[in-house]
Amino acid sequence: MVRLEVFAYNPTEVLEEHDVTVGRCRELVEKYGVTWVNIVDPDGRTMEELETLFGFHPLALEDALNTDLAPKVEMYDDVAFIVARTIVWAEEIETDQLSLFVSRKFVVTIHDKVFPQLEDIRIRLRKKNPRLLKAGADFLTYTILDVIVDSYSPHLDRFQDILDDLEDEVVKAPTKTAIGKIHDIRVDLTLVRNALRPQRDVIGYLMRLEIPVFRKETRQYLRDVQDHMARALDTLETLRDVATGLLEAAATLASNQLNEVIKVLTVVFTITLPLTVITSAFGMNVEFFGFNRPEGLYLALGLMIVPTATMLWWIRRKGWL
0 MVRLEVFAYN PTEVLEEHDV TVGRCRELVE KYGVTWVNIV DPDGRTMEEL ETLFGFHPLA
60 LEDALNTDLA PKVEMYDDVA FIVARTIVWA EEIETDQLSL FVSRKFVVTI HDKVFPQLED
120 IRIRLRKKNP RLLKAGADFL TYTILDVIVD SYSPHLDRFQ DILDDLEDEV VKAPTKTAIG
180 KIHDIRVDLT LVRNALRPQR DVIGYLMRLE IPVFRKETRQ YLRDVQDHMA RALDTLETLR
240 DVATGLLEAA ATLASNQLNE VIKVLTVVFT ITLPLTVITS AFGMNVEFFG FNRPEGLYLA
300 LGLMIVPTAT MLWWIRRKGW L
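Note that numbering that gives the first Met the number 0 has the sequence shown beginning at 0, numbered continuously upward.
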């Protein structure tokens, strides 16, 4: 079900309303310096009202409903349309989309799931953060992008902890389960990296180009976001390299274990080969060399013990066992 909340503020006042209409949001835009409209799980009617009352381009609204887009920024007259992605880790890792419509007087955020990261901004507004209240809608946009990028760190730390545990497990015994987990982690890291990499370009685009809705002083703040974004991507690459290294190490250890097994089996086969030949010879129904006499038993035992002991001594001397 669609949920719509709005924060309208100026340097001295903050108004917060929930379960409001798009029309009410438009009224607040005209009355306050900056208005933040946050829409969760919008329906078709809500999108039509946004097009009618806010003048959003139909293509941008269509993209806002398509939650599989890569991060990007597009300009539609005096409104910037920005797509950002955040990391969500429930039963499995995934990335969710946050769409932003930014003008000089408002920011409209649209997403199909609840974004816990936005709660930090709500708290700042409720506490009447001076820097946020005195700045414009572009600074609010910077703040949203900043909290999204900063939210990557706990998830990357979790990846690191999982890989550390898997490394210990691989060193002890590279089981199929551990190798499968490492492979899954590597796939997840690749998925997250590919989803977030374009976001660095988006932030760089906002920072470098003179977009009408972004003032020069706000673009300077975006450098900090770009630095954090670059650091997150570098960490993702490092973690992916670690996962790749663990897979290679696990494969090497498994190969070494197999070689040890083959070596032991080879030694066993080498030792039992003369025993097999001797017992086969003495088991034949022939009458020469005393095979059919009681002394033949001692002869057979001697022929089995002497070469076996000799081979064991030689194998140990060579360090093969």
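Quick reminder that beta carbons are idealized off the backbone N, C-alpha and C, glycines included.
Quick caveat: nothing in here was measured; it's all calculated off a predicted structure.
When the five nearest sequence neighbours on each side are left out, the beta carbons in the same chain lying within less than 7 Å of the beta carbon of Q96 are those of T66, L68, V82, R84 and H110, in order along the chain.
Three or more beta-carbon pairs separated by less than 8 Å are not found between the segment 22-40 and the segment 175-182, which leaves the two stretches without contact. Contact fails between the segment 107-125 and the segment 206-223, because fewer than three Cβ pairs, one in each stretch, are under 8 Å apart. Put simply, of L155, D160 and T271 the residue whose alpha carbon is nearest the alpha carbon of A231 is L155.
With 16 or more other Cβ atoms inside 10 Å of its own Cβ, L139 counts as buried. Residue range Y151 to K171 is occupied by the alpha helix (DSSP H) that includes Q159. Counting of Cβ neighbours within 10 angstroms places W312 among the exposed residues, the total staying below 16. Distances from the CA of G244 to each of P129, A172, D149 and H182 were compared; the closest alpha carbon is that of H182.
Looking from the CA of Y8, the closest CA among P129, Q159, E91 and V267 belongs to P129. Per DSSP, the beta bridge partners of S98 are V82 and I109. Boundaries of the alpha helix (DSSP H) harbouring H182: K175 to R207, taken from the DSSP string. In this chain, K30 is not harboured by any beta strand (DSSP E); it is covered by the alpha helix (DSSP H) spanning V21 to K30.
Each of L162, T142, F158 and A249 was checked against the Cα of Q225, and the nearest Cα belongs to T142.
In this structure, C24 sits near V36, with a CB-CB distance shorter than 8 Å. Each residue's CA atom was taken as its position, placing E47 and P57 some 9 Å apart.
D137 is the residue among D137, A59, P173 and D233 whose C-alpha sits nearest the C-alpha of L221.
Distances from the alpha-carbon of K104 to those of L188, T275 and E26 put E26 closest. H227 and K112 have their alpha carbons spaced roughly 24 Å apart. Sorting V191, M303, D145 and E73 by C-alpha distance to the C-alpha of V276 places M303 at the top. Residue burial annotation: Q198 is buried, with at least 16 other C-beta atoms found within 10 angstroms of its C-beta. As the crow flies, the alpha-carbon of L3 is around 6 Å from that of H17. Between K215 and D164, the alpha-carbon positions lie close to 46 Å from each other.
With 16 or more other CB atoms across the displayed protein chains lying within 10 angstroms of its CB, S102 is buried.
Here F158 is buried: its Cβ has 16 or more other Cβ atoms, across all protein chains shown, within 10 Å. When beta bridges are read from the DSSP output, E4 appears opposite H17 and N37. When the Cα atoms are used, V170 and I184 turn out to be separated by approximately 17 Å. A242 has its alpha-carbon roughly 48 Å from the corresponding atom of L14.
Per DSSP, W313 has no beta bridge partner at all.
Between V148 and D119, the C-beta gap is not smaller than 8 Å, which leaves the two residues out of contact. The Cβ-Cβ distance between L49 and V21 falls below 8 Å.
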